[in-house]
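Participant: Here it is, the structure in full.
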Amino acid sequence: LADQATIALENARQFASKDRALARRAQELDRSNDRLRKILRASNALRAERQIDDLLGQIADVVQEGSGFRRVMIALARRERTPEPYLQAAALAGTVSSQPPADRVPLARFEALLRPEFRRGSLTYHMERPPAEYGLLWGAPHSRPVRAERRSGGWQPGDVLVCMLWNSRSEAIGLLAVDDPEDGQRPSPEQVQILEILANQAAAAIENAALYAAQQHSLSRMMALNGLGRAISTTLRAPQQIYALTASGM
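Position 55, counted from 1, in the sequence shown is what the working numbering calls 815; the numbers after and before it change by one each time, with no gaps.
Printed below as a string of structure tokens:
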């Protein structure tokens, strides 16, 4: 009877342990499904937005809500009127300040920091000791703290998860970075996958918004030049009026 009671107690403990593990897994799946539902709802809104400034704020909020991280930063690669492309923060969410810092980081220098040992996915890098160049993008609130001994599986203050943003021509157009996970743990493969889905949607939306802005600018120039041609050919205009029409088409 004692042996049978011991076996029964051991079986009960094993079943209870399995039940707890299944319950934890079910909760994780529920969280993942909830995040995916939020991503699907947000994707339509992102595709519809055309103004880049409004779009970036929406992307930061969507990532904060759907990725399981409390802090989000989006930086864009700038190539216009500069001999060397650079990264500059463009939107923040969950940070002390909502105003992105104005510091610039050369794109090539930052890409050199993304070493293979940091890779966690096709687009994602887990930077456990972010260099000073990265802190410039976040601004002063993200200066690197003195690091304690790393906990197994735990997220350390100063850790950063970076997702590169690529356009349809395989050019880097920016990055998406997250920090401060809700569960305090290092990212799981499922979290990395969700973050990369968000990064791909963000890259497509940013590229579409940039193309729309360029198209609108070209259309405005064509309309102004067309108006200038009609004005010159049909009426006599004062020099100041002709100058104003010319400037609007440039």
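Using N, Cα and C, we set each Cβ at its ideal position, and we do this for glycine too.
Could you tell me which residues DSSP puts in a beta bridge with leucine 921?
Facilitator: Within the sequence shown, numbered from 1, the residue matching residue 921 stands at position 161. DSSP, once it has assigned bridges, lists His886, Val938 as partnering leucine 921.
Participant: If you draw a straight line from the C-alpha of arginine 841 to the C-alpha of aspartate 943, how long is it?
Facilitator: As a first step, residue 841 must be located in the sequence shown, where it is residue number 81. As a first step, residue 943 must be located in the sequence shown, where it is residue number 183. So the alpha carbons of these two residues sit roughly 43 Å apart.
Participant: Based on Cα-Cα distance, which residue from Tyr972, Ala937, Gln953, Gln945 lies nearest to glutamine 824?
Facilitator: Here residue 824 corresponds to residue number 64 of the sequence shown, with the count starting at 1. That would be Ala937, whose Cα lies nearest to the Cα of glutamine 824.
Participant: From this set, Ala835, Leu925, Gln859, which residue's C-alpha is nearest glutamine 848's C-alpha?
Facilitator: Here residue 848 refers to the residue found at position 88 when the sequence shown is read from its first residue. It is Ala835.
Participant: Please classify glycine 854: does DSSP put it in a helix, a strand, or coil?
Facilitator: Indexing the sequence shown from 1 puts residue 854 at position 94. The answer is coil: DSSP assigns glycine 854 none of H, G, I, E or B.
Participant: Do alanine 837 and alanine 932 come within 8 Å of each other at the CB atom, strictly closer than that value?
Facilitator: Taking the sequence shown and counting its residues from 1, the one referred to as residue 932 is at position 172. Taking the sequence shown and counting its residues from 1, the one referred to as residue 837 is at position 77. Their beta carbons are under 8 Å apart, which means alanine 932 touches alanine 837 by this criterion.
Participant: Compare the Cα-Cα distances from proline 941 to each of Arg785, Gly854, Ala772, Arg864 and report the closest residue.
Facilitator: Residue 941 sits at position 181 when you count from the first residue of the sequence shown. Answer by Cα proximity: Gly854.
Participant: According to DSSP, is glycine 817 part of a helix, a strand, or is it coil?
Facilitator: Sequence index remark: in the sequence shown, residue 817 carries index 57 (1-based). It is helical.
Participant: Taking just the CA atoms, how far does serine 980 sit from arginine 784?
Facilitator: For this step, residue 784 is matched to residue 24 along the sequence shown. For this step, residue 980 is matched to residue 220 along the sequence shown. Rounded to the nearest angstrom, the two C-alpha atoms are 57 Å apart.
Participant: Can you tell me which of the three DSSP states leucine 874 falls into?
Facilitator: Numbered from 1 along the sequence shown, position 114 holds the residue referred to as residue 874. In the structure shown, leucine 874 sits in coil (DSSP, three-state: anything other than H, G, I, E or B).
Participant: Under 8 Å, do aspartate 863 and glutamate 888 count as touching if we go by C-beta distance?
Facilitator: Looking up residue 863 in the sequence shown gives position 103. Looking up residue 888 in the sequence shown gives position 128. Not a contact, by the Cβ cut-off of 8 Å.
Participant: What's the call for leucine 958, buried or exposed, on a 16-neighbour Cβ count within 10 Å?
Facilitator: Stepping through the sequence shown from its first residue, residue 958 is reached at position 198. Buried: at least 16 other Cβ atoms inside 10 Å.
Participant: Quick check on phenylalanine 775: buried or exposed, where buried means 16 or more other Cβ atoms within 10 Å of its Cβ?
Facilitator: Walking along the sequence shown from the start, residue 775 turns up at place 15. Exposed is the call here.
Participant: For the beta strand (DSSP E) that arginine 727 lies in, which residues bound it at each end?
Facilitator: This structure cannot speak to residue 727, because the chain is shown only from 761 to 1010.
Participant: Can you round the beta-carbon distance between glycine 934 and leucine 925 to whole angstroms, since I take them to be within the 8 Å contact cut?
Facilitator: What you label residue 934 is simply residue 174 of the sequence shown in a count that begins at 1. What you label residue 925 is simply residue 165 of the sequence shown in a count that begins at 1. Rounded, the Cβ-Cβ distance is 4 Å, consistent with contact.
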